[in-house]
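Asker:
There are 2 protein chains.
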Amino acid sequence: MAKAIDKQAVAAIRALAIDEINQANSGHPGMALDAAPALYALYRDHLVSDPAHPDWCNRDRFVLSSGHASSLLYAILHCAGYEISMDDLKSFRQLGSKTPGHPEVGHTPGVDATSGPLGQGLAQAVGMAIAEKAIRNQYPDGEKIMSHYTYCLCGDGDLEEGISQEAISLAGHLRLNKLVVIYDQNGSTLDGPTSDSLSEAIKLRFLASEWNVLEVRNGNNINKVSSAIAKAKKSSVYPTLIIMKTVIGYGSANQGSHKTHGTPLGEEDGNHAKAVYGVTWDKFTVPEAVYELFKQTFQARGAAAYAAYANSLAEYGKYHPEEQKTFLASFKRELPELPSRDYGDLTKEATRKSSGAMLALYRSAVPYCIGGSADVAGSTNTDVKGVKPFPEGTDMRYGIREFAMASAQNGILLHGGLISYCACFLVFSDYMKNAIRMAALEHLPAIYLFTHDSLAVGEDGPTHQPVEQLTGLRAMPNLHVFRPADAKEVEGAYQLAFQSKGVPSAIVLSRQALPMLEKTDPKKVAKGAYPVLSPERGSKADCTILATGSEVSLALEAAEELVKRGYVMEVISAPCLELLEKNPSYKNKLFSTPYAKRVSLEMGSTLGWGRYAKWNIGVDEFGASGKAEAVLDEYGFTPMKIADKIAYFLSKK
Amino acid sequence: MAKAIDKQAVAAIRALAIDEINQANSGHPGMALDAAPALYALYRDHLVSDPAHPDWCNRDRFVLSSGHASSLLYAILHCAGYEISMDDLKSFRQLGSKTPGHPEVGHTPGVDATSGPLGQGLAQAVGMAIAEKAIRNQYPDGEKIMSHYTYCLCGDGDLEEGISQEAISLAGHLRLNKLVVIYDQNGSTLDGPTSDSLSEAIKLRFLASEWNVLEVRNGNNINKVSSAIAKAKKSSVYPTLIIMKTVIGYGSANQGSHKTHGTPLGEEDGNHAKAVYGVTWDKFTVPEAVYELFKQTFQARGAAAYAAYANSLAEYGKYHPEEQKTFLASFKRELPELPSRDYGDLTKEATRKSSGAMLALYRSAVPYCIGGSADVAGSTNTDVKGVKPFPEGTDMRYGIREFAMASAQNGILLHGGLISYCACFLVFSDYMKNAIRMAALEHLPAIYLFTHDSLAVGEDGPTHQPVEQLTGLRAMPNLHVFRPADAKEVEGAYQLAFQSKGVPSAIVLSRQALPMLEKTDPKKVAKGAYPVLSPERGSKADCTILATGSEVSLALEAAEELVKRGYVMEVISAPCLELLEKNPSYKNKLFSTPYAKRVSLEMGSTLGWGRYAKWNIGVDEFGASGKAEAVLDEYGFTPMKIADKIAYFLSKK
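For the protein sequence lines, the chains are A and B, in the order given.
Taking this note's numbering, the leading residue of the first sequence gets 1, the next gets one more, and so forth.
Taking this note's numbering, the leading residue of the second sequence gets 654, the next gets one more, and so forth.
1) By a C-beta neighbour count over all protein chains shown, 10 Å radius and 16 as the cutoff for buried, is T933(B) buried or exposed?
2) Taking 7 Å as the threshold (C-beta atoms), are T520(A) and A485(A) in contact?
3) Where do the ends of the beta strand (DSSP E) carrying F450(A) lie?
4) Taking the straight line between their C-alpha atoms, what separation do you get for G808(B) and G720(B)?
5) For T544(A), which residues does DSSP report across the bridge?
6) Give the secondary structure of W281(A) by DSSP, where H, G and I count as helix, E and B as strand, and everything else as coil.
7) Determine whether the Cβ of A446(A) lies closer than 7 Å to any Cβ atom of chain B.
8) Would you please verify whether the beta carbon of N434(A) is less than 7 Å from any beta carbon of chain B?
9) Determine the direct distance from the alpha carbon of E1112(B) to that of Q1118(B), and round the result to whole angstroms.
10) For the beta strand (DSSP E) that P531(A) lies in, which residues bound it at each end?
11) Can you give me the start and stop residues for the beta strand (DSSP E) that G1024(B) sits inside?
12) Give me whichever residues DSSP pairs with V63(A) in a beta bridge.
13) Using a cut-off of 8 Å between C-beta atoms, extract the partners of E200(A) located in chain B.
14) Where does D395(A) sit, in a helix, a strand or coil, going by DSSP?
15) Contact check, L851(B) vs S169(A) under 8 Å by CB: the rounded distance?
16) Just the Cα atoms here: how many angstroms apart are M1(A) and V225(A)?
17) So the candidates are C1229(B), G680(B), L730(B); which of them puts its Cα closest to the Cα of L1328(B)?
18) Consider the Cβ of A456(A): report whether some Cβ of chain B lies at a distance smaller than 7 Å.
19) How many angstroms separate the CA atom of M569(A) from the CA atom of D342(A)?
20) Suppose the cutoff is 8 Å on Cβ atoms and the five residues either side in sequence are ignored; what does the same chain contact list for T263(A) look like?
21) Within the 7 Å Cβ cut-off, does S65(A) reach chain B?
22) Grab me the residues of N1034(B)'s own chain with a C-beta within less than 7 Å of its C-beta, minus the 5 sequence neighbours each way, in chain order.
23) Name the residue from A643(A), V247(A), F428(A) whose alpha carbon lies nearest to the alpha carbon of R508(A).
24) What is the rounded straight-line gap between the Cα of N478(A) and the Cα of P504(A)?
25) Is the shortest distance between the beta-carbon of M1(A) and the beta-carbons of chain B less than 7 Å?
26) Ordered along the chain, which non-local residues of its own chain (more than five positions away) have a Cβ less than 7 Å from that of A513(A)?
27) Mind listing the chain A neighbours of G810(B)? Cutoff is C-beta to C-beta under 8 Å, in chain order.
28) Per DSSP, M244(A) is paired with what?
29) What are the residues in the region 1282 to 1300 of chain B lying within 7 Å of chain A by C-beta distance?
30) Please determine, among N874(B), V890(B), L1199(B), G810(B), the residue with the shortest C-alpha to C-alpha distance to W1268(B).
31) Are the Cβ atoms of S1258(B) and T1104(B) separated by less than 7 Å?
32) Just to confirm the assignment, what range does the alpha helix (DSSP H) spanning Y586(A) have?
33) Is there a Cβ from chain B that is less than 7 Å from the Cβ of Q138(A)?
34) Buried or exposed for G96(A), please, with buried defined as at least 16 other CB atoms from any protein chain shown within 10 angstroms of its CB.
35) My guess is that Y693(B) and V663(B) are in contact by the Cβ rule of under 8 Å, so how many angstroms apart are they, rounded?
36) Which first and last residues belong to the beta strand (DSSP E) in which A1076(B) is found?
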């Protein structure tokens, strides 16, 4: 039997959610109302976090994967003592408020992840649990400085998304026993009853993926939910799913119907629901006893844990001073000095291999790295020697699960304490597109290593040859897309990617060997673009070729041919257009030629190059299977064909 | 016990695969060698298809989801009598050959789907099975004209991908009992043993998704595989998975190791393997007895079935002449005359609603439509009245499974006989990105209805507000991206999308109401772009605004203000830039202003607009949660703010 105060607290939280949504006349009451008791049980009895230090590194993490239930999260965070005022709740879903439509990390205290795009909250929680385990295992006596749980609340929408299977399969395989997922089985999706589109035995599916599964038949029973969480926390091997049956929109006259999913209850039905809960107080108010309860439970527990942790961390410093320093630096993302690569007499190297060399080099200097690939470690050169597989080490074998890999990496970075990279072929960045977007939105310094970056993939053919991916990635806000021309530019890209604090980096790499170029310079990558062939002093260029990646050396060869034909040529390497755009005054001085005398050269969609050059050489059709040289010749990417094309452009008025 | 001829046939097929890969010095022998007996069993005993009529509509379909095993498919298709010569096999993976690195539909007879991007072969097979069932159910005595099986061979890579869960969950829910999937469990992925990244009980996962599961312990046992397929075909409710244990790279000195996955065996190991198989004949030859066997089994069965079907179809025409006509037209994608929409006194309508009206209208005229959404039927207006849910009707409830939805739609269209559309929010086109790419690559007339197309989504915030998606889609080859300005342009887009034969169409639609514009015209959508405000006769425009979708009416309002300020204005609506690009001479005459006097206006990434206009107004950052009007104002999308911005541009030199 729940005590009266518990009933009152859950009623208050539910009433706040109703008020928020009614005030905004926008929002999703369905799950907000049915999952309130579960979240209450979690915050009252289990979650260890201190509202006075919401960014404390060893706090438990909580991800509301069903981000549309944000009203509930804000209501409970308000009651639990986070800096979310009643006025903040009143401005739910209003521009500039602390309480946006879906939770946004970094925007609202107590929110550990941005969520909304279904399935990704769950995958991010998996990433957080990976980070916790990885960090603990990497330090001697690691459990003294890193030991917490990761909780996640998800719904049917999350579990229908394919990424959920990738994420749970990975979590089960990796034995993330400190991950606890509550599945709110409310029997309804936006369009109708879940049974319209789902016949799955979810329990069996999780068991198949090596999870521990518990069941709570009535999600309104706070103590049963709490007991299930307590039991879940004891799992020593497997992650735990708690299947919790609830009634969508509980309290509404339409409870149990999908109609409560995404439509505000309105005044009348809101009052009806409040009567069901036993609410006797005014709109946007909370009984003092409820605040008091959270103080005595959640806040007291969190403050004590925070204080104990501070002691433990100080104590740790006595025995492991160097490790403590590293640990603290890792959460601030402070880097030791990054070593420079010694190129010896290197004349030619596939940039995917250059990337592998940089990984090995930086891994040796930065002890807090984690990363891996989607079953293409050999091909993407991410199999760094000496790094052991997770959980013993930090080599991640994500399996053929690109989307969950990228999303879990978001969770790793949200957690903090690790620099993370992940790798696959550029064309399959498509599979993880929205997770990259989430990294950009969450301001995470994610690192993507995308190899096999053009038609030069060759024999694997058009399904494996990227064409439009570069443009699609460049269109994304807050993402740096690097396409280095050679090993030196790879080093420049790596420096920037590792040093980044709030911008993800996609480093796009060739399968084929590329010559080391005379004028490329790791330091100049930060400019975004710079000349690698300039007209002789005093002479003016007839034409500028602006190229990236493998096409820079091609541009230089074509320029050489054009010089023979009497043209004065300039070639600019543009490893990162986003960085160029950040410096308009530099950009305006970069080109020595007018717009009509510039040619862009990149083996991908020409869309987007029109802003720099009148003439765009690229690939606006799909590729073909064949030997790389044959494919490149067929599509016109030989020095002679490029030179001919440019000469033709220059002959036009 | 397999007969000697069977042993010989499998040996011949394996030897061909080895020869193809060695000749190309490129390819994936691993699964090609281990799955040969299974494919042989399928073609010898079950698959009903006629090499003389490879496009026969009622043939069984076969999808090699593990497309990297293409050498095996080509080898068996050659032996089975398809038009793939020994010379074609010798030019495996060479430019212009019939035998590309991954199977490509429309390129090679006998290949039913393009595959390679993992998981999508399986999802396409699910789509084919949906099409078969949908068509059969839509015609009286439908089983007389549509009744076949869909087979699929997949591997671990397919099943680790999240899309596989979406696809199998959907297939189980939809009771696709005529779908038979063989899972080649060879225990290895590219990087190492499958156990490095997978601990799943695959059998349990399929059972959880309501599949029938059979097991074959030794994939070399042809008759056991054949019996399992025979049993699977008898399933009257559930789709069937046959889990077949094999040894990767069977015959190689490295058999059982991931080293055989993607590396040619080479001459020596190839000979070793051939010795294991008992091959006594030369490279690139096949014993006559093997050809003979396929003639007597596969070809004889196929030819008889084809002849019987021709009779059955003719007979059907006697009793159901109209339906027969419709059926034949549907497979040629011939359309009846499409009705025009009567706009009455409509003054304002969200284009997502206009889309719903067009769906209802065209559905009433075209009896062979199928479509639905990813649990957003209400929001995307795809819930057409009177259309019953599949399998009784053709309303698809895909669930929250965007990627499988788009990929299954590819399967539906590959199958033929149906016009298909699917819907979700534009921002979640990210989730299905690579399936759209596959539609474009396969030349499928897919129709995507992407609603909620801008910041005007409002309260749901940045996770739900698309910014970069339009640019990403436009960068894709062979895709038409329509962004209609009002209901009339929606009609134009629908006409073109329904009439398309080899180009997919993405129709991008507003959540908010848009005014009906005076000068918009359904017929002009085909031009890609056209003026909706022209300078008065004789006067020359000072400025052109090029806009799409909801920004066309905004452009007109801004232009009105600028006209008041004394400027002569031109406004061009650009519902489809790809169509504009197809007509360079029209494009060159379209603008009455020079490049420096043109402004693009679209609430999305400005990347890509530089090719049309010097000045680009768009959104190069993420959106924000708030009331739509407040968000639009904040980001500058009000007539007055746009007018001010344009006046400022025009004032610059």
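Backbone N, C-alpha and C define an ideal beta-carbon position, used for all residues, glycine too.
Values in this document were obtained by computation on a predicted structure and should not be read as measured data.
Answerer: Looking at the atomic coordinates:
1) exposed
2) yes
3) 447 to 451
4) 10 Å
5) E570(A), R598(A)
6) coil
7) no
8) yes
9) 9 Å
10) 530 to 533
11) 1022 to 1026
12) C152(A)
13) S822, G825, H826, A861, S862, E863
14) strand
15) 7 Å
16) Because the pLDDT of M1(A) is 47, which lies under 50, any placement of that residue in the model is unreliable, and the number read from its coordinates should be weighed accordingly. Rounded to whole angstroms, M1(A) to V225(A) spans 12 Å at the Cα level.
17) Coverage of chain B is limited to positions 654 through 1306, which leaves residue 1328(B) absent and any answer about it impossible.
18) no
19) 31 Å
20) P29
21) no
22) R1005, K1006, S1008, G1009
23) For the sequence presented, residue 508(A) should be read as Val rather than Arg. Here the closest residue by C-alpha is F428(A).
24) 7 Å
25) Confidence in M1(A) is poor, its pLDDT being 47 and thus under 50, which makes the residue's placement too unreliable to answer from.
26) K348, E349, A350
27) D375, I400
28) D184(A), V216(A)
29) A1283, V1284, E1287
30) L1199(B)
31) no
32) 584 to 590
33) no
34) exposed
35) 5 Å
36) 1072 to 1078
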